[in-house]
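Heads up, the thing below is written out as structure tokens.
There are 4 protein chains.
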Amino acid sequence: MLSFENDYSSAAAPQILDRMQQIANEQHPGYGNDQYCQMAGDKIRAACQNPEADIWFLTGGTQTNATVLSAITPAYAGVVCADSGHINTHEAGAVEATGHKVLTLPGQDGKITAEALDDFCERFEADANHTHMVYPGSVYVSQSTEYGTVYSRDELAAIAQVAHDHGMPLFVDGARLGYALESDGCDMTLADVAMIADVFTIGGTKVGALFGEAVVFTKRNTPKNFTTIVKQHGALLAKGFLLGLQFDTLFTDDLYFKLAKHADAAADRIRAALVSKGYDVAFTSVTNQIMITVSNDKAAALAKQVKLGFIEQVDAGHVMLRICTSWATTDKQVDELISLL
Amino acid sequence: MLSFENDYSSAAAPQILDRMQQIANEQHPGYGNDQYCQMAGDKIRAACQNPEADIWFLTGGTQTNATVLSAITPAYAGVVCADSGHINTHEAGAVEATGHKVLTLPGQDGKITAEALDDFCERFEADANHTHMVYPGSVYVSQSTEYGTVYSRDELAAIAQVAHDHGMPLFVDGARLGYALESDGCDMTLADVAMIADVFTIGGTKVGALFGEAVVFTKRNTPKNFTTIVKQHGALLAKGFLLGLQFDTLFTDDLYFKLAKHADAAADRIRAALVSKGYDVAFTSVTNQIMITVSNDKAAALAKQVKLGFIEQVDAGHVMLRICTSWATTDKQVDELISLL
Amino acid sequence: MLSFENDYSSAAAPQILDRMQQIANEQHPGYGNDQYCQMAGDKIRAACQNPEADIWFLTGGTQTNATVLSAITPAYAGVVCADSGHINTHEAGAVEATGHKVLTLPGQDGKITAEALDDFCERFEADANHTHMVYPGSVYVSQSTEYGTVYSRDELAAIAQVAHDHGMPLFVDGARLGYALESDGCDMTLADVAMIADVFTIGGTKVGALFGEAVVFTKRNTPKNFTTIVKQHGALLAKGFLLGLQFDTLFTDDLYFKLAKHADAAADRIRAALVSKGYDVAFTSVTNQIMITVSNDKAAALAKQVKLGFIEQVDAGHVMLRICTSWATTDKQVDELISLL
Amino acid sequence: MLSFENDYSSAAAPQILDRMQQIANEQHPGYGNDQYCQMAGDKIRAACQNPEADIWFLTGGTQTNATVLSAITPAYAGVVCADSGHINTHEAGAVEATGHKVLTLPGQDGKITAEALDDFCERFEADANHTHMVYPGSVYVSQSTEYGTVYSRDELAAIAQVAHDHGMPLFVDGARLGYALESDGCDMTLADVAMIADVFTIGGTKVGALFGEAVVFTKRNTPKNFTTIVKQHGALLAKGFLLGLQFDTLFTDDLYFKLAKHADAAADRIRAALVSKGYDVAFTSVTNQIMITVSNDKAAALAKQVKLGFIEQVDAGHVMLRICTSWATTDKQVDELISLL
């Protein structure tokens, strides 16, 4: 059945599968100490225009978020994020399982603002009882967000400034970073992200890879003995060369960006169709995720013909659904979907 | 200086200090395996009208909350409470440090409702993605609440019913239980609490003891090897007999209740004076805590003559302050305070 | 350069890479809710002769050990294992990071005995202070062990019996289970493991897969809400179908066993050569790992021609090295190695 | 019945109980922000001859060890200690519950040596796989030890030197520090401890107080936001002034040292009697704890007349018992015990 359920339902870009075949008879050192990880790191550093960036390759998003956030957040502190942030909603309490509270700010279109963050920190510091409270210790934002929206360059830079003013690193969850950067609605490059964020991820799982998230520490700020921290979190892949190989492929000939642009263009076509047909499109998404609010009846009708993501029951009569394109979405699938809407 | 800052600024009721002196030359087994703990447990069981209640004595409130909540909440689950709940605001993330998310409901006068709890659980269970979310695993309420308000017997019973319907135990934080039960505004007895809650605490620290919180498991539901769990949390006092002795004293001749009633009566006098003088009294507190909203200037003037608790900066021109009586508050202190208001 | 460094230096068996290509254009549900996971589970259940076995697929060994062990071990308890157990030595404290002490027994050839386990538990229970100690809460053994040795069926059954007598589940780390089961020195089948162990893993990473460990709960004893527990540990792969596909392939036409047998046979040839050449072979390994103790000079000479694993500096003049074959080892590589020895 | 079971069976020195009475009508700020904590800190700084020492007061020993050790040990690291160390044996895994492995060295009379520590660290650093292992991150020693023995000044200084050479702080658990320092067999002063250790505790619970452990950071090395860390561990006593008051009393007129000397002298008398009567005295204890190995029959006979501590079943026919004096032990009790032996 036609599916726009998510962006992780297909295996991998053919270039990646081909290279897997090509290296079938090679032997490589384990745990990321291989040439492909080195090559991929070099290419990412170049793409980031940051020769000092330190690159690590982990397997999955929740794993990466919990490993990195627990490593950069002091024991007495929590992670500040939008209430809609993935770590707060759909990671099963993985951050709290490492001992850190998630401190939420009300999100706007899935985003926090520098102003709200500053206000939160100022109030905290002014509170006479703040030594009995959880300190804001790091800041988590998603680019693109869980609702498909994006931060502008200025917005993200302002958040970073506030974070730094209050002694916190800024972590950017880039599980869908490609879809953000290639969106027409985004004014930011990978180099911008690398300049602004203290640490960010480049999601492979949702943008062409079988699996894998690249972690980029941008400011000579890699936590000490990070290999051991990654291992302790069960996040050190034995065959790390598989991660290196995939990211080396993704960052060859701009494949990562081309795959993302393809998905964004497909979403743009669908968005245009939705608007012209009078759908209630929620949020100001400009990336590969589109949220629509439809009646229960409409949702039931659609469910017979296409798999979509379920977001929430908005009220007794309406649900919010997600249409999600990916690097693997075909023009034919888009046509079929539009004809169903 | 006159102080109504909190209810833990004085050492202990004279009866307790006297008994400390009386046992000065005795020797007792350690870790709660002594006659006083046994005697105190018997008296609390009788006061609870629950012969099967299992009683433990720990030292402090945050310690007790974290130890018990982590023991009764499954690893995959969080603790549901009001956003104003002490574990969510002023325990430095102690619950999260044990790996559990605190799941908040918007509080009303510091309380949650059975309806809101049920709605939260129903929405959780209906959510297609709930296996990626933190399960509601236990329910935490404070009696009296952080704002001095109390749950009625019906309200608490309804919350327990909803909790049980969703497979969760109800934990009642009774750090100020005495002040709740002896309030004219409360329709509940200790036996009611013991019947309704799955586990609750009887706060000694704020009601006449030097320190100490009694934990009462009401339904043959003590977590297995709880001694070891308490020890692992650093919460097993070597000289446990000091806890037993204090609670034995507090539950002799209703001392615990008399001390609490005294503080509530003092607060009632102050509340009446505040109302007659036109103060803006926040919340519907009926216990020993009174929250007032005053101008910054008024707050500054008061601060020269009496120590009060600071709650929050309400807006640019106003602050919320707390007037807190205790078992040790004297009539003279109340008179002085009223004359200052 | 020739390498017998480890058994995770090659990508994957060609059958697995081929199937990855075949499904390139398919779309599948995420997180293991796909047909391949279902098919793989069915095949594993059949191979285990245990229709009730509950199968899960995780990514890596340390991740799997920490996730499962923390889920089956009570909060007040630790995990008992040989001092040479992987969780005690080379997993960066991942088990302790979940809050559980690792309780070690002196290993013999990398193995524990039922007698030693029973003695440990008896002493624990007899200790007057045991409530202040870490309870033995689960038992961890590796099959094959970190030294390439194997438990006999009787040995493992006896350990399980003792574990059960003391209320503990037996966890078998099967990161190299295939190499154990196909060894001429092993008298056990997969069905035996499934009958004896309460939960065990079938390692894919080291036996033909790109990555992946199957977890098998054998006695309707899957921890409640295990999906959420796995997610909380960052161990729920988005594209779970990649795990299902690999294990479906491995358990088609006995591929898993054939791959393992091939490696064991290669090791047998090498072992025979080592013995005939008078090497000091440590332990009684019968699987794909061979430990040899050589002089520093010999080690240096070998290092110029073949990559071997480094185990430890035995004394000032000698080191222990590991020769490790795998499913990917060729006859030519074995010939070359033997000629070097 | 006569009891030499432990050193925490009596309430407190009369000077402490008297001061509790004297302050009964006072009011003090909470959480250690009171004049008595200030005064006690000043007196301890003076006694330590370390004007920069930072003093904190916590309630119990296990709580203190876990709170401080987790704060000074990096996330990727463990705590090195003797296998007989209290944190390794009788604290219910409290350190592991904070996520840190306890790394044990074989103890000699309950002590570790600088040489063994250095060897352990050198081997760790030389191990090719050490990034997959738990780093040695801090060092824990007990003074006096769990067997009543003491480190000499040179021994402790050498351990500190090795610890510092390997980048680790030295933590000295002084639950029985007074009994160590006042022993004829100890050549160290409190000022020596303060000079050598990076952080140490001065145990009140076992030396005259109702409860309480003073934590001394000696080198401007208090962990950032330590108040919050203490609170997060449930270790911040509401009525902190009770801790301050007790330590102020103990450090007035050398009371702490006099109480300890009294217990040591009593133990010396008992030791002399044991030797003259031909008992098998284990370890080279010079403090208030004496370990004797007796036949089961003898142990049973003694048990009818005096309560002693049980250490372990040495073999089928013998047990090790502990005779423990305290600040509260009377000459009459010593006479009675000696007559029974």
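Protein chains in written order, with numbering that gives the first Met the number 0: chain A, 0 to 340; chain B, 0 to 340; chain C, 0 to 340; chain D, 0 to 340. A virtual CB, placed ideally from N, CA and C, is assigned to each residue, including glycine.
Same chain, Cβ closer than 6 Å to residue i, five either side skipped, listed in chain order
i	result
C:Val-215	Ala-52, Ile-54 and Phe-199
C:Leu-169	Val-138, Ala-159, Ala-162, Ala-196 and Asp-197
D:Phe-210	Thr-58 and Thr-204
B:Gln-62	Ala-234
D:Thr-72	Val-78, His-99, Gly-136 and Ser-137
Proximal residues to residue i (C-beta, below 8 Å), its chain only, five neighbours per side dropped
i	result
D:Asp-279	Ile-291, Thr-292 and Val-293
C:Thr-148	Asp-108, Gly-109, Lys-110, Phe-282, Thr-283, Ser-284, Val-285 and Thr-286
Cross-chain neighbours of residue i in chain D, by beta carbon under 8 Å
i	result
C:His-27	What C:His-27 touches in chain D: nothing, since even the nearest Cβ is about 33 Å away.
C:Ala-125	Gln-312
Own chain, CB closer than 7 Å to residue i, minus 5 neighbours either side, in chain order
i	result
B:Thr-328	Ala-262 and Ala-265
B:Gln-341	The structure shown does not extend to residue 341 of chain B, since chain B spans only 0 to 340, so no value can be given for it.
B:Ala-298	Val-318 and Leu-320
A:Leu-236	Thr-58 and Leu-242
D:Ser-8	Ser-2
B:Asp-330	none
Paired residues, beta bridge with residue i - DSSP
i	result
B:Ser-338	Its beta-bridge partners do not exist; DSSP assigns none.
B:Ile-289	B:Ile-322
C:Phe-3	C:Leu-307
C:Gly-202	C:Glu-212
C:Tyr-134	C:Ala-76
A:Ser-294	A:His-317
C:Lys-110	C:Gln-107
B:Ala-81	B:Leu-104
D:Leu-169	D:Val-138
D:Leu-57	D:Glu-212
B:Ala-281	B:Met-290
Where residue i meets chain C, residues with beta-carbon distance less than 8 Å
i	result
D:Lys-303	What D:Lys-303 touches in chain C: nothing, since even the nearest Cβ is about 17 Å away.
D:Asn-128	His-89 and Phe-309
Beta-carbon neighbours of residue i, restricted to chain B and to distances below 7 Å
i	result
D:Leu-16	Met-19, Gln-20 and Ala-23
Under 9 Å by beta carbon: chain B residues contacting residue i
i	result
D:Lys-210	The residue you asked about is not Lys; residue 210 of chain D is Phe in the sequence shown. Thr-58, Phe-210, Leu-236, Ala-237, Lys-238 and Leu-241, listed in chain order.
D:Thr-204	Leu-236, Ala-237 and Lys-238
Partner residues on chain D for residue i, Cβ-Cβ distance less than 7 Å
i	result
B:Ala-264	By Cβ distance, chain D contributes nothing, its closest Cβ being about 19 Å from B:Ala-264, past 7 Å.
Chain A residues whose Cβ lies nearer than 8 Å to that of residue i
i	result
C:Ala-96	Gln-231 and His-232
C:Tyr-7	Gly-29, Ala-237 and Lys-238
Check: residue i C-beta below 7 Å from any heavy atom of the ligand MG
i	result
D:Asp-153	With respect to small molecules bound, the structure shown includes none, and the ligand MG cannot be examined in it.
Closer than 7 Å at the beta carbon, the chain C residues around residue i
i	result
A:Pro-105	Residues of chain C passing the Cβ test: none, with the nearest at roughly 25 Å.
Residues that residue i contacts on chain B, provided the C-beta gap is smaller than 8 Å
i	result
D:Thr-227	Ala-91
Output needed in chain order: residues of the region 53-71 of chain D with a Cβ under 9 Å from some Cβ in chain A.
Of all residues in the region 53-71 of chain D, Ser-69 and Ala-70 have a Cβ within less than 9 Å of some Cβ in chain A.
Which of the residues in the region 229-253 of chain B, read from start to end, lie with their CB under 9 Å from any CB of chain D?
So the list reads Val-229, Lys-230, Gln-231, His-232, Gly-233, Ala-234, Leu-235, Leu-236, Ala-237, Lys-238, Phe-240, Leu-241 and Leu-244, given in the order they occur along the chain.
contact_flag[the region 38-52 of chain B, the region 89-102 of chain B] where n(CB pairs < 8 Å) is 3 or more:
Look at the beta carbons and you see the region 38-52 of chain B not touching the region 89-102 of chain B: under three pairs across the two are nearer than 8 Å.
Check distances from the C-beta atoms of the region 74-86 of chain B to those of chain A and list, in chain order, the residues that come in under 9 Å.
Residues passing the 9 Å Cβ filter: Ala-74, Tyr-75, Ala-76 and Gly-77.
Evaluate the contact criterion for the region 13-32 of chain A versus the region 19-27 of chain C: three or more CB pairs, one atom per stretch, below 8 Å.
With the cut-off at 8 Å, the region 13-32 of chain A and the region 19-27 of chain C touch.
Closer than 7 Å between beta carbons: that is the criterion. Which residues of the region 131-143 of chain C meet it against chain D?
Cβ contacts with chain D: His-131, Met-132 and Val-133.
For the structure I just gave you, are there three or more beta carbon pairs, one from the region 150-158 of chain D and one from the region 86-98 of chain D, closer than 8 Å?
No: fewer than three Cβ pairs fall under 8 Å.
How do the region 80-92 of chain B and the region 123-143 of chain A stand: do at least 3 beta-carbon pairs fall below 8 Å, yes or no?
Below 8 Å, enough C-beta pairs join the region 80-92 of chain B and the region 123-143 of chain A to call them touching: three or more.
Between the region 152-168 of chain B and chain A, which residues of the former have CB atoms less than 9 Å from a CB of the latter, in chain order?
Answer in chain order: no residues at all.
Residues within the region 315-335 of chain C neighbouring chain D, beta-carbon criterion of under 7 Å
Residues: none.
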